[in-house]
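J.: Residue numbers (this note's numbering): 4 to 304.
Positions of the beta carbon are idealized from the N, C-alpha and C atoms, including for glycine.
Quantities reported herein were computed from a predicted structural model and do not represent experimental measurements.
Structure below; questions to follow.
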């Protein structure tokens with residue numbers, strides 16, 4: 004483990020981020036989360052990252068520069084199979100969070116991970132909160148998700164209390180701030196009442212957007228698949244959920260079995276290959292590989 008310590012006498016929130024789970028969007032998620040930190044949580048004072056062991060020093064350099072007001076800790080997780088790596092990161096996050104709370108380094112925990120199961124950690128913190136008269140019945144915990152689709156357990160979405168969930172929305176630019184509630188919604192600086200000057204003006208007619216061409220729609224599907232599919236092998240049928248939920252009007256969303264595979268190869272695969280997705284030879288059923296090159300193409304245009 005590598006550490007960079009900054010003095011901070013105020014107890015705040017410790018952020019525990021599973022970088023391998025977040026994959027290529029991890030830096031954007033962390034920057035957006037800190038910049039748009041939820042008002043009902045103490046400000047973050049510690050940042051704990053769980054990364055591939057061979058990328059540990061790279062992440063330390065980036066994080067200590069980007070978040071120089073926080074105490075930064077970077078833990079390398081040995082890269083085994085996906086499930087083993089996932090379990091190792093989960094265990095490290097739970098142990099570190101409890102240790103930081105026990106030693107009064109933080110007052111609240113924020114876990115950043117889409118598909119890991121931290122309900123046991125939440126339940127344990129809930130037990131401790133019941134013994135604390137100053138907690139007001141609130142568990143000092145926040146589960147931070149990304150806005151990616153189909154990455155979270157259905158049981159988690161059904162049973163976990165929504166009051167303790169925060170979703171990082173990457174669709175809005177960071178420089179786009181919400182309008183102040185104190186700003187007048189209508190009228191002008193001369194004191195005119197809302198609607199006085201506008202009542203004789205006809206309401207603007209909203210223009211109907213032109214329908215997206217099939218080629219443009221296929222391009223949007225390819226980009227969405229690159230955004231959502233993890234790096235590694237996949238089959239065309241692994242993409243069906245994205246088609247059903249995001250692009251129900253596309254012929255692929257209505258196709259099944261061999262027809263889906265044929266349409267996928269005809270309409271979508273060439274666009275994916277152009278951005279770095281590979282087709283693996285001598286595989287039955289056909290398999291493809293989502294590459295880091297394809298992921299990088301999202302930021303390079």
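Whole alpha helix (DSSP H) runs in the region 26 to 73 with 4 or more residues, listed along the chain?
T.: Complete alpha helix (DSSP H) runs here, min 4: 29 to 38, 59 to 69.
J.: Between which two residues does the beta strand (DSSP E) holding residue 293 run?
T.: In the chain shown, residue 293 corresponds to position 290, counting from 1. Note, residue 293: beta strand (DSSP E), 290 to 293.
J.: I'd like to check one pair, residue 56 with residue 81: are the Cβ atoms closer than 7 angstroms?
T.: In the chain shown, the residue the question calls residue 81 occupies position 78. In the chain shown, the residue the question calls residue 56 occupies position 53. Yes. Within cutoff.
J.: Where does residue 140 sit, in a helix, a strand or coil, going by DSSP?
T.: The sequence position of residue 140 within the chain shown is 137, counting from 1. Here residue 140 sits in coil by DSSP.
J.: In the DSSP assignment, find the beta strand (DSSP E) that holds residue 20 and state where it starts and stops.
T.: If you number the chain shown from 1, residue 20 lands on position 17. Here the beta strand (DSSP E) through residue 20 covers 16 to 21.
J.: Looking at the structure shown, is residue 98 part of a helix, part of a strand, or coil, going by DSSP?
T.: Sequence index remark: in the chain shown, residue 98 carries index 95 (1-based). Helix, per DSSP.
J.: So the alpha helix (DSSP H) residue 125 belongs to, where does it begin and stop?
T.: As a working mapping, residue 125 is identified with position 122 in the chain shown. 122 to 134 is the extent of the alpha helix (DSSP H) around residue 125.
J.: If the criterion is Cβ atoms closer than 7 angstroms, does the pair residue 103 and residue 15 meet it?
T.: Your numbering for residue 103 matches position 100 in the chain shown. Your numbering for residue 15 matches position 12 in the chain shown. No, these two residues do not count as a Cβ contact at 7 angstroms.
J.: Restricting to Cα atoms, I'd like to know which of 27, 132, 220 is closest to residue 300.
T.: Taking the chain shown and counting its residues from 1, the one referred to as residue 300 is at position 297. For the residues 27, 132, 220, the minimum Cα distance to residue 300 belongs to 27.
J.: As a quick exercise: from 251, 219, 275, pick the residue whose alpha carbon is nearest that of residue 239.
T.: By 1-based counting over the chain shown, the position of residue 239 is 236. Nearest option by C-alpha distance: 275.
J.: To the nearest angstrom, how far is it from the Cα of residue 190 to the Cα of residue 42?
T.: Locating residue 190 in the chain shown gives position 187, where the first residue counts as 1. Locating residue 42 in the chain shown gives position 39, where the first residue counts as 1. Residue placement at residue 190 is flagged as unreliable, the pLDDT there being 47, under the threshold of 50; the coordinate-derived value follows with that caveat. Computed Cα separation, rounded: 30 angstroms.
J.: In this structure, what does DSSP give as the bridge partners for residue 283?
T.: Your numbering for residue 283 matches position 280 in the chain shown. Residue 283 is bridged to 290.
J.: Could you tell me the alpha carbon to alpha carbon distance between residue 50 and residue 114, rounded to whole angstroms?
T.: Position 47 of the chain shown holds residue 50. Position 111 of the chain shown holds residue 114. Spanning the two alpha carbons is a distance of roughly 10 angstroms.
J.: Kindly list the residues whose CB is nearer than 7 angstroms to the CB of residue 138, restricted to its own chain and excluding five residues on each side of it in sequence; keep chain order.
T.: Taking the chain shown and counting its residues from 1, one reaches residue 138 at position 135. Answer for residue 138: 132, listed in chain order.
J.: Out of 235, 101, 120, which has the shortest C-alpha to C-alpha gap to residue 143?
T.: Position 140 of the chain shown, counted from the start, is the residue given in the question as residue 143. It is 101 whose Cα lies nearest to the Cα of residue 143.
J.: Between residue 73 and residue 46, what straight-line distance do the alpha-carbon atoms span, to the nearest angstrom?
T.: Taking the chain shown and counting its residues from 1, one reaches residue 73 at position 70. Taking the chain shown and counting its residues from 1, one reaches residue 46 at position 43. For residue 73 and residue 46, the distance between alpha carbons rounds to 10 angstroms.
J.: Could you tell me which residues DSSP puts in a beta bridge with residue 236?
T.: Position 233 of the chain shown, counted from the first residue, corresponds to residue 236. Note: residue 236 sits in a beta bridge opposite 292.
J.: Please work out which residues of its chain come closer than 8 angstroms, Cβ to Cβ, to residue 121, disregarding the five sequence neighbours upstream and downstream, and give them in chain order.
T.: As a working note, residue 121 is residue 118 in the chain shown. The answer, listed in chain order, is 93, 96, 97, 114, 146.
J.: My guess is that residue 280 and residue 297 are in contact by the Cβ rule of under 8 angstroms, so how many angstroms apart are they, rounded?
T.: Walking along the chain shown from the start, residue 280 turns up at place 277. Walking along the chain shown from the start, residue 297 turns up at place 294. Indeed they touch by this definition, with Cβ atoms about 5 angstroms apart.
J.: Relative to the C-alpha of residue 38, which candidate in 161, 70, 64, 118 has its C-alpha closest?
T.: Reading the chain shown from its first residue, position 35 is the one you call residue 38. Looking at the Cα atoms, 70 is the closest of the given residues.
J.: Output yes or no for whether 7 angstroms exceeds the beta carbon distance between residue 20 and residue 61.
T.: Looking up residue 20 in the chain shown gives position 17. Looking up residue 61 in the chain shown gives position 58. Contact: no.
J.: What are the boundary residues of the alpha helix (DSSP H) that includes residue 256?
T.: Locating residue 256 in the chain shown gives position 253, where the first residue counts as 1. Per DSSP, residue 256 belongs to the alpha helix (DSSP H) from 254 to 257.
J.: Cα-Cα, which of 175, 177, 173, 148 is closest to residue 166?
T.: Taking the chain shown and counting its residues from 1, the one referred to as residue 166 is at position 163. For the residues 175, 177, 173, 148, the minimum Cα distance to residue 166 belongs to 148.
J.: So is residue 177 buried or exposed if we call it buried at 16+ other beta carbons inside 10 Å?
T.: The residue labelled residue 177 in the question sits at position 174 within the chain shown. So residue 177 ends up on the exposed side.
J.: Span of the beta strand (DSSP E) holding residue 111?
T.: Start at 1 with the first residue of the chain shown, and residue 111 comes out as number 108. Element bounds for residue 111: 111 to 115.
J.: For residue 250, which of helix, strand or coil comes out of DSSP?
T.: Taking the chain shown and counting its residues from 1, the one referred to as residue 250 is at position 247. Reduced to three states, the DSSP call for residue 250 is coil.
J.: Would you kindly report the start and end of the unbroken alpha helix (DSSP H) that includes residue 276?
T.: Translated into the one-based positions of the chain shown, residue 276 becomes position 273. Counting along the chain, the alpha helix (DSSP H) containing residue 276 begins and ends at 272 to 277.
J.: To the nearest angstrom, how far is it from the Cα of residue 251 to the Cα of residue 283?
T.: Sequence index remark: in the chain shown, residue 251 carries index 248 (1-based). Sequence index remark: in the chain shown, residue 283 carries index 280 (1-based). Taking the straight line from one Cα to the other gives about 28 angstroms.
J.: Count the other C-beta atoms from every protein chain shown that fall within 10 angstroms of the C-beta of residue 182, then say buried if there are 16 or more, exposed otherwise.
T.: Translated into the one-based positions of the chain shown, residue 182 becomes position 179. Bear in mind that the predicted position of residue 182 carries a pLDDT of just 48, short of 50, making it too unreliable to give a figure here.
J.: Just to confirm before moving on: does the CB-CB distance between residue 173 and residue 150 stay below 7 angstroms?
T.: By one-based count along the chain shown, residue 173 stands at place 170. By one-based count along the chain shown, residue 150 stands at place 147. Yes, the Cβ-Cβ distance between residue 173 and residue 150 is below 7 angstroms.
J.: Quick one: what does DSSP say residue 148 is sitting in, helix, strand or coil?
T.: Mapped onto the chain shown, residue 148 falls at position 145. Residue state, collapsed to three classes: strand.
J.: Can the beta-carbon of residue 171 be found closer than 7 angstroms to that of residue 35?
T.: Your numbering for residue 171 matches position 168 in the chain shown. Your numbering for residue 35 matches position 32 in the chain shown. Contact flag set, yes.
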